[in-house]
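To keep things clear, I will list the structure first and then write my remarks on it.
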Amino acid sequence: MKHDIREEIIRLLQREGNSTVAILTRKLNEMGIECTRQKVERVLRNLVKENVIEVYYINANHRRHYRLR
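Note that the working numbering gives residue 174 to position 36 of the sequence shown, counting from 1, and the numbers run on in steps of one.
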């Protein structure tokens, strides 16, 4: 069965509220979905373009956090 990374990311963001690329990648790998940070970033960029999620920064650490719109 092929897992849809896009749908799993949306589910994780619904459950968690917000997250970073590193946390999303780790959780997806723990769920048994093999993916890299680059692959997760690509999916997140596409979701931002489609206005499904938004990007914001906490403090000045320059780490992108993602949440559903």
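Using N, Cα and C, we set each Cβ at its ideal position, and we do this for glycine too.
Counting only residues of its own chain and dropping the five nearest sequence neighbours on each side, residue 194 has a CB closer than 6 angstroms to the CB of 203. Taken through DSSP and simplified to helix, strand or coil, residue 207 comes out as coil. About 7 angstroms separates the CB atoms of residue 169 and residue 146; that is less than 8 angstroms, so the two are in contact.
The C-beta separation of residue 180 from residue 191 comes to about 13 angstroms, leaving the pair out of contact by the 8 angstroms criterion. In the structure shown, residue 171 falls within a coil segment according to DSSP collapsed to helix, strand and coil.
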